[in-house]
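Worksheet: one structure, shown below.
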Amino acid sequence: MDVWSSLTTTSYGDADYYISFIDDFSRKVLVKFLKSKGEAFQAFKYFKAEVENLTKCCIKVLQSDNDFEYKSKEFELFCKQNGISRYYTNPYDPQRNGVAERMNCTLMERARSMLSNVG
Numbered sequence: 001m002d003v004w005s006s007l008t009t010t011s012y013g014d015a016d017y018y019i020s021f022i023d024d025f026s027r028k029v030l031v032k033f034l035k036s037k038g039e040a041f042q043a044f045k046y047f048k049a050e051v052e053n054l055t056k057c058c059i060k061v062l063q064s065d066n067d068f069e070y071k072s073k074e075f076e077l078f079c080k081q082n083g084i085s086r087y088y089t090n091p092y093d094p095q096r097n098g099v100a101e102r103m104n105c106t107l108m109e110r111a112r113s114m115l116s117n118v119g
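Each residue of the sequence shown is one higher than the one before, starting from 1 at the first, in full-length UniProt numbering.
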C-alpha cells in the first residue's frame with residue numbers, strides 16, 4: 001500500500017492524492033482517491049471489506065512505507081484487533097516497497113498517456 005501525491009491538479013472530486021492497494025499474490029490493484037493523506041485509514045478499511053467480501057479470505061499482512069498516515073494509533077489498533085501483521089519499510093528506502101512504488105509509476109504513466117491522447 002502506498003499514497004501517491006504527485007497529482008498536479010485537483011480532481012473533479014477534489015482529490016489531491018491516491019492510495020493503491022496491491023495483493024502480493026494475485027497483483028490485483030485497488031485505487032482510492034483521497035482529499036488528504038489522513039484518509040488512508042478509511043481507505044484501508046474499505047479495501048479490507050472489499051477484499052474479504054470478494055475472496056472470503058482475511059488479510060494477514062500489510063506492508064507500507066514508514067509514512068505517518070499508516071502509523072496512527074487507530075490504524076495500529078484496528079490491525080491488531082483484526083490479526084493483521086504490520087511491516088514498515090525503512091525510511092528513505094522505497095525499494096523495500098517496490099511493488100507499490102512500481103504500480104504508482106505505472107498508474108501515473110498510463111494517466112499521462114491518456115491525457116496526451118485526449119486532444
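Think of the CB as a built atom: it goes at the ideal place given N, C-alpha and C, for glycine as much as any other residue. None of these values were measured; they are calculated from a predicted model.
Cβ shell of residue i (< 6 Å), same chain only, five flanking positions each side left out
i	result
L62	I84, R86
E91	Reading off the sequence shown, one finds Pro at residue 91, where the question assumed Glu. Only N66 meet the Cβ criterion.
CA-to-CA distance, residue j to residue i, given in whole angstroms
i	j	result
K35	G13	8 Å
A43	N117	30 Å
M103	F21	9 Å
E39	L30	15 Å
T55	E74	25 Å
K48	D23	11 Å
K28	Y46	15 Å
E50	S113	29 Å
C-beta neighbour in chain B for residue i, strict 8 Å
i	result
V3	Protein chain content of the structure displayed is limited to a single chain, and chain B is not contained in it.
Cut-off 8 Å between Cβ atoms - residues of its own chain near residue i, not counting five sequence neighbours on either side
i	result
F25	none
E52	C58, I59
N82	K48, C58, I59
Residues that DSSP places opposite residue i in a beta bridge
i	result
R86	L62
V3	I19
V29	I22
L34	Y17
Beta-carbon proximity of residue i to residue j, cut-off 8 Å
i	j	result
F33	Y18	yes
S64	Y88	yes
V3	E69	yes
Contacts around residue i, its chain only, beta-carbon distance under 7 Å, and the 5 residues preceding and following it disregarded
i	result
V99	I22, D24
For this session: Flag this pair as touching only if the segment 73–83 and the segment 103–117 have three or more C-beta atom pairs under 8 Å; answer yes or no.
Result: no
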